[in-house]
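Trainee: Offset between the sequence shown (1-based) and my numbering: plus 47.
Glycine is no exception: its CB is placed at the ideal position from the N, C-alpha and C atoms.
Before I ask anything, here is the structure I am working with.
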Amino acid sequence: RFRVRGPPPVAKACRRPAVPAAAACAPVPAPPGQGGATPAVASDYVLTRDGEKLLLRVWTAARPRAVIVALHGMSDYSNAFAMPGEYWAKKRITTLAYDQRGFGQSSRRGLWAGGDALRRDLDDAVDAARRRYRGMPVFALGAIMGGAVVVSAHANGASTQADGVVLVAPAAWERVDSP
């Protein structure tokens, strides 16, 4: 015979204030880097103005006629561009894809850097690509969250110097800190 001695534990937990649970869902922002660096494209990373090294994957065209700086989506990483990067290299387009802050092999994986930091990183990557591939047009490509970064960088008047943009299913968010 079963005897009930009060509400089950789940019911008790539901009567408690939800503030601690809601706080557990709040994003933890990543601290900014130190600053003072000149953005650069190295063989395996993009160096940002605040000194952060973002893992870089490059698909090099033999005689490039254009460069794409590719930004991946949420919970993804730079290798998302492996197939198109190989294809574009055959079409004489070099592709640079870096792990955005908080994703892939970035130093603070799992921490949200904020839209401003993601937009600055895009600006730095395009600027560095422009210096490394002088005379080549540089395009910013954004997929999903990366698309939101590209769109908001241009909409906010950021100094991104891309010659054009390519959007692949760009995310559209209402949050204040969306990229």
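Determine the direct distance from the alpha carbon of L165 to that of V196, and round the result to whole angstroms.
Mentor: 7 Å
Trainee: Hey, T4 and V173 are a contact pair by Cβ (cut 8 Å); roughly how many whole angstroms apart?
Mentor: Only positions 48 to 226 of the chain appear in the structure, and residue 4 is not among them; the question remains open.
Trainee: Just checking my contact of V215 with A190 at CB under 8 Å: how many whole Å lie between their CB atoms?
Mentor: Their Cβ separation, rounded to whole angstroms, is 4 Å, which keeps V215 and A190 in contact under 8 Å.
Trainee: What is the residue span of the alpha helix (DSSP H) that Y134 lies within?
Mentor: A129 to K137
Trainee: With respect to the beta strand (DSSP E) encompassing R104, which residues constitute its N-terminal and C-terminal limits?
Mentor: Its beta strand (DSSP E) spans residues K100 to W106.
Trainee: Quick check on the DSSP output: what are the complete alpha helix (DSSP H) runs of length 4 or more inside the stretch 154-178, in order along the chain?
Mentor: none
Trainee: Shortest alpha-carbon distance to Y180 belongs to which of R96, V213 and V105?
Mentor: Answer by Cα proximity: V105.
Trainee: When DSSP labels each residue in this structure, what does G211 get in the three-state scheme?
Mentor: strand
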